[in-house]
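Visitor: Sharing a structure below in C-alpha cells format, with a few things to ask.
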Amino acid sequence: KSNAVITGVGGFVPDNILSNSDLEKMVDTNSDWIVSRTGIKERRILTDPTLATSDMAVAAVKNLLENTGVSAEEIDCLIIATSTPDHLLLSTASIVCDKVGLSNAWATDVNAACSGFLYAYTLGASLVESNRYKKVIVIGADQNSAIINYKDRNTCILFGDGAGAVLLEPTTEDIGLMDSVFKTDGHGREYLLVPGGGSKIPATVDSVEANQHYIRQEGRIVFKAAIKGMTETCTEVLKRNDMTIDDVNWLIPHQANYRIIHAVGENLGLSEDRVKVNIDRYGNTTAATIPLCLWDFKDDFKHNDNVIFTAFGAGFSWGATLLKW
Ligand code: ACO
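The sequence shown stops at residue 310 when you use the numbering used here, and every number in between is there.
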C-alpha cells in the first residue's frame, strides 16, 4: 500500500497590502475593533484587473515546482480548491494547467469554500494511494476581493487574496495522510453565500444592482458553528485513531477569525505554541489559508510530527484531517 505524503509546498500572495487603517477610510470601522474581534492586521489584495484566481494559483505552482525541482511534465493531476473561479463555465484548473505547461496532467476544481483545500487534499491523496497517480498537485486559491462589497463592514474587513499549493507523492513509509473526518450540512447555506451569479440568480443588471454578487454572512451563527464543527471533527479524528491531543504536534486551523482559532485550541486542550496562526498578515483567504500556513511554517515541522488540519466554511462544510509529516 502506498501512502500519500506532502513532498513540497509553494505559495503566493499579492504585493498590495490592505491595512486596517486603509479600511477605516472606506467603512465605519476602526483598527482596534478589527484586531480585537478578528486578529487581522492586514490582508493582501490582487489589484491588477487583468489578473484573477488562476494567476495566483499559477504563481504558487511555479514556486512549488521550483522548491521541489520537479518539472511541469511530470505532474499527473492537478486539483484546485476555489470558490472564486475565473469563470463560471470552465475549470480554473484547466487555465492553471495551460499557463504552467502541465502537459501530461488532467485537472479539475473542487468547491467547498473554506473547507475546499481540506477536501481536495484528501481527494488528491486518494489518487496517490490508489497507485494510479504518482505526482498530484493540490491547490487552495481564492481571490475574495472579487466577491467582496467594500461598503459592507461586516465582511470587507475579513477577507484577503492568496494561493497555496502542495505536491503529493507516494511513499511506503508510515507517514502522510492518515484519516479525515468530513461533514457537510446544506442547512447552513443561507448563513454564508454569494447568492447571485449562478443558475439560481443569474447575473443580470437587477441582481447586480441588488448586490447579489457579493458575499453575505450571518457572522455570529457562522462563528459558533465553526468552533463547534472544528472542535468535534478534531476530537473524532483523534478518537478514531486511538490518539489523544497530547500526541498532536501541530494544529493548522482555517484562518477565519483568531477568536475561533483560539477557542478551538482551548476546547481541544492544545497550548497556543502548537497552533499555527498567520491570520494577522493575510486575513481569511478561504481555500488558501491552510496551504499558506504550510508555506509559512513548514520548516517548523519535523519528520513524523502528527499534524491536524481543520476547517469550516460555507455550505456548511467542515472537517479535520490527521497526517504524519
Ligand atoms: N467595525 C466596527 N464594528 C463592527 C464591524 C466592523 N467592521 N462589523 C460589525 N460591527 C459591529 C456590529 O454592527 C455590531 O454592532 P451592534 O452591537 O451595535 O449591532 C457589533 O460590531 C458586534 O457585531 P457582531 O457581528 O456580533 O460581531 P462578532 O464579534 O460576531 O464579529 C465577525 C463579527 C468578525 C464577522 C465574526 O462573527 C466572525 O468571525 N464570524 C465567522 C467568520 C467565519 O468563520 N467565516 C467562515 C469562513 S468564510 C467562508 O467559508 C468563505
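Ideal placement from N, C-alpha and C gives every residue a C-beta, glycine not left out.
Remember, it's a predicted structure, so these values are computed and weren't measured experimentally.
(1) Near residue 242, what residues of its chain come up, given a Cβ to Cβ distance below 6 Å and the 5 sequence neighbours on each side ignored?
(2) Please classify residue 232 as buried or exposed, where buried requires at least 16 other C-beta atoms within 10 Å of its C-beta.
(3) Throw me the rounded Cβ distance for the residue 257 and residue 250 pair, which I believe falls under 8 Å.
(4) Alpha carbons only, please: which of 78, 238, 137, 92 is nearest the one belonging to residue 12?
(5) Using 8 Å as the cut-off, can you tell me whether the region 166 to 181 makes contact with the region 289 to 303, which would need three or more C-beta pairs spanning the two stretches below that distance?
(6) Sorted by chain position, which residues of the same chain lie with C-beta nearer than 7 Å to residue 58's C-beta, five sequence neighbours on each side aside?
(7) Would you kindly report the start and end of the unbroken alpha helix (DSSP H) that includes residue 250?
(8) Excluding the 5 residues flanking residue 144 on each side, which residues of the same chain have their C-beta closer than 6 Å to its C-beta?
(9) Mapping the DSSP letters down to three states, classify residue 276 as helix, strand or coil.
(10) Given 7 Å as the limit, tell me if residue 18 has its C-beta closer than that to any heavy atom belonging to ligand 1.
(11) Assuming residue 27 is part of the alpha helix (DSSP H), what are its boundary residues?
(12) I'd like the ranges of any alpha helix (DSSP H) spanning at least 4 consecutive residues and lying wholly in the region 143 to 217.
(13) Assuming residue 163 and residue 308 make a contact with CB atoms under 8 Å, what is their CB distance in whole Å?
(14) Roughly how many angstroms separate the alpha carbons of residue 202 and residue 158, rounded to a whole number?
(15) On the CB-based measure, 16 or more other CB atoms within 10 Å of its CB, does residue 32 come out buried or exposed?
(16) Give, in chain order, every unbroken run of the alpha helix (DSSP H) that is at least 4 residues long and sits entirely within the region 58 to 87.
(17) Would you identify the three-state DSSP class for residue 91, choosing helix, strand or coil?
(18) Using the beta-carbon count (16 or more within 10 Å), is residue 276 buried or exposed?
(19) Ignore the nearest five residues each way along the sequence and tell me which others in residue 139's own chain have a CB closer than 8 Å to its CB.
(20) Is residue 133 helix, strand or coil by DSSP?
(21) Who are the Cβ neighbours of residue 173 in its own chain at under 7 Å, not counting the five residues just before and after it?
(22) Residue 77: buried (16+ other C-beta within 10 angstroms of its C-beta) or exposed?
(23) Beta carbon of residue 104, beta carbon of residue 113: below 8 Å?
Guide: According to the data block:
(1) Residue mapping note: residue 242 aligns to position 257 of the sequence shown, counting from 1. Answer for residue 242: 23, listed in chain order.
(2) As a working mapping, residue 232 is identified with position 247 in the sequence shown. Exposed, since its Cβ has fewer than 16 Cβ neighbours within 10 Å.
(3) Position 272 of the sequence shown, counted from the first residue, corresponds to residue 257. Position 265 of the sequence shown, counted from the first residue, corresponds to residue 250. Indeed they touch by this definition, with Cβ atoms about 6 Å apart.
(4) The sequence position of residue 12 within the sequence shown is 27, counting from 1. The option with the nearest alpha carbon to residue 12 is 137.
(5) The way I'd put it, the region 166 to 181 does touch the region 289 to 303; three or more beta-carbon pairs between them come closer than 8 Å.
(6) Counting from one through the sequence shown, the residue named residue 58 turns up at place 73. Closer than 7 Å at the Cβ level, and outside the excluded window around residue 58, lie 88, 89.
(7) Working through the sequence shown from its first residue, we reach residue 250 at position 265. Start and end: 243 to 253.
(8) Working through the sequence shown from its first residue, we reach residue 144 at position 159. Result list for residue 144: 129, 133, 268, 269, in chain order.
(9) To locate residue 276, count along the sequence shown from 1; it is residue 291. Reduced to three states, the DSSP call for residue 276 is helix.
(10) Against the sequence shown, residue 18 aligns to sequence position 33. Indeed, a heavy atom of ligand 1 lies less than 7 Å from the Cβ.
(11) What you label residue 27 is simply residue 42 of the sequence shown in a count that begins at 1. It is not in any alpha helix (DSSP H) - residue 27 instead sits in the beta strand (DSSP E) that spans 27 to 29.
(12) 190 to 194
(13) Locating residue 163 in the sequence shown gives position 178, where the first residue counts as 1. Locating residue 308 in the sequence shown gives position 323, where the first residue counts as 1. About 6 Å separates the two Cβ atoms, so the contact holds.
(14) Against the sequence shown, residue 202 aligns to sequence position 217. Against the sequence shown, residue 158 aligns to sequence position 173. Going from the Cα of residue 202 to the Cα of residue 158 covers about 43 Å.
(15) Locating residue 32 in the sequence shown gives position 47, counting from the first residue. Exposed is the call here.
(16) 77 to 85
(17) On the sequence shown, position 106 is the one that residue 91 refers to. It is a strand residue.
(18) Mapped onto the sequence shown, residue 276 falls at position 291. That one is buried.
(19) Taking the first residue of the sequence shown as position 1, residue 139 is located at position 154. 202, 204.
(20) One-based indexing of the sequence shown puts residue 133 at position 148. Of the three classes helix, strand and coil, the one that applies to residue 133 here is coil, per DSSP.
(21) Within the sequence shown, numbered from 1, the residue matching residue 173 stands at position 188. If we look at residue 173 and ignore the five residues flanking it on each side, its Cβ neighbours are 210, 300, 301.
(22) Taking the first residue of the sequence shown as position 1, residue 77 is located at position 92. Its Cβ being crowded by 16 or more others within 10 Å, residue 77 is buried.
(23) Translated into positions along the sequence shown, residue 104 becomes position 119. Translated into positions along the sequence shown, residue 113 becomes position 128. For residue 104 and residue 113, no; Cβs fall outside 8 Å.
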